[in-house]
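According to our numbering, the stretch in the sequence shown is residues 466 to 772, in order. So the structure is just underneath, and the comments pick up after that.
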Amino acid sequence: MNIGFIGLGTMGGSMALNAIRGGHNLVVHDIRRESATPHLEMGAEWADTPREVAQRSDIVLTSLPGPVEVEAVALGDEGLAEGLSEGKVYLDLSTSSPDLIRRIDAELSPRGIHVLDAPVSGGPEGARTGRLAIWVGGDREVYERVKPALDSIGDQPYYVGPVGAGSVAKLVHNCAGYIIQAGLAEVFTMGVKAGVDPLDLWLAVRQGAQGRRGTFERMADHFLIDSYDPPDFALRLARKDVDLACQVGRQYDVPMKLANLALAEMTEALNRGWGDRDSRVPMVLQEERAGVQVNTTAEAIQDALEE
Numbered sequence: 466m467n468i469g470f471i472g473l474g475t476m477g478g479s480m481a482l483n484a485i486r487g488g489h490n491l492v493v494h495d496i497r498r499e500s501a502t503p504h505l506e507m508g509a510e511w512a513d514t515p516r517e518v519a520q521r522s523d524i525v526l527t528s529l530p531g532p533v534e535v536e537a538v539a540l541g542d543e544g545l546a547e548g549l550s551e552g553k554v555y556l557d558l559s560t561s562s563p564d565l566i567r568r569i570d571a572e573l574s575p576r577g578i579h580v581l582d583a584p585v586s587g588g589p590e591g592a593r594t595g596r597l598a599i600w601v602g603g604d605r606e607v608y609e610r611v612k613p614a615l616d617s618i619g620d621q622p623y624y625v626g627p628v629g630a631g632s633v634a635k636l637v638h639n640c641a642g643y644i645i646q647a648g649l650a651e652v653f654t655m656g657v658k659a660g661v662d663p664l665d666l667w668l669a670v671r672q673g674a675q676g677r678r679g680t681f682e683r684m685a686d687h688f689l690i691d692s693y694d695p696p697d698f699a700l701r702l703a704r705k706d707v708d709l710a711c712q713v714g715r716q717y718d719v720p721m722k723l724a725n726l727a728l729a730e731m732t733e734a735l736n737r738g739w740g741d742r743d744s745r746v747p748m749v750l751q752e753e754r755a756g757v758q759v760n761t762t763a764e765a766i767q768d769a770l771e772e
């Protein structure tokens, strides 16, 4: 199966490498040619434009920062629309707008081109290891046809529904996470200011009903140790996801009070110049307001977990 892959950043680069390891022939493109070096060394071929990628591939996958980039690559000058032909498949792995992928489908499907949205979840580590959820929207028969390609980049592909359904699922997932994050910042600053040691508080609540569901586990990665650089996932990208979810809410007249509160926190942090820090950095704002730091050390956490 000849696969085109556009967008070789933190997520896309790893997914493309796994597709090569899965035995697929790849044609790759990125705005930074040097990003393709490891792929070319493994046998991938370079294309100068998205149009050329489309002409040389049966399936084209894109992994891009957001809707602006997706639209430019899919529909812009020298874009995929100029190179795709009947029977080929365009599959977008980006976290993007459901409306945009539906519009792309409306433009390409009359020409016999199949469009799927397939955003992924699992973070950079999941992209490296192939432990990714892939939520797919589009024609189910086309999904089954391209599933071998998806299986090479993620271990949990799942067909959600028509075009746009995958993107909706991804926005629900990400937005829920950042709403919970804002709540965790509030309750932990309350708990520490009320006199409980941060590490003891975290160890205690991990044993309760919410803790057994994993609600508090990832707090040890950044918030508890006051470490937001380098990012696992940049704030500017996370804020984009929550903003897209709020836009969908407005479109369908769904109140999104908590999501908008989370978005406001993220916007304030972005305005501090923290866009390239980890997406959990807005939790620092709550510490400042409460006048307390919820901090321990990675070593203390490790020692406590080993007891």
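Glycine is no exception: its CB is placed at the ideal position from the N, C-alpha and C atoms.
Cβ pair residue i, residue j closer than 7 Å
i	j	result
Val580	Ile569	yes
Ala727	Val707	yes
Ala592	Met476	yes
Ala765	Leu649	no
Val746	Ala729	no
Pro563	Val611	no
Asp557	Val535	yes
Ser744	Phe698	yes
Ile618	Asn483	yes
Status (buried if at least 16 other CB within 10 Å, exposed otherwise) for residue i
i	result
Thr594	exposed
Leu615	buried
Pro622	buried
Ile468	buried
Asn736	exposed
Presumed contact (8 Å Cβ cut-off) between residue i and residue j, rounded CB distance
i	j	result
Leu529	Leu549	Their Cβ separation, rounded to whole angstroms, is 16 Å, which puts Leu529 and Leu549 out of contact at 8 Å.
Val492	Arg521	5 Å
Val657	Leu666	7 Å
Gly631	Arg567	With a Cβ gap of about 11 Å, Gly631 and Arg567 do not count as contacting.
Tyr693	Arg754	Not really, about 17 Å apart at Cβ, beyond 8 Å.
Gln751	Glu682	19 Å between Cβ atoms; not a contact.
Residue i - containing beta strand (DSSP E), residue span
i	result
Ala598	Ala598 to Gly602
Gly469	Asn467 to Ile471
Backbone secondary structure at residue i - three-state DSSP
i	result
Pro575	helix
Thr514	coil
Gln621	strand
Tyr643	helix
Span of the alpha helix (DSSP H) around residue i
i	result
Gln767	Ala763 to Glu771
Pro584	Here Pro584 belongs to no alpha helix (DSSP H), and DSSP marks it neither H nor E.
Leu726	Lys722 to Asn736
Any non-hydrogen atom of the ligand GDP closer than 6 Å to residue i Cβ
i	result
His687	Judged by which ligands are present, the structure shown has none, so any question about the ligand GDP falls away.
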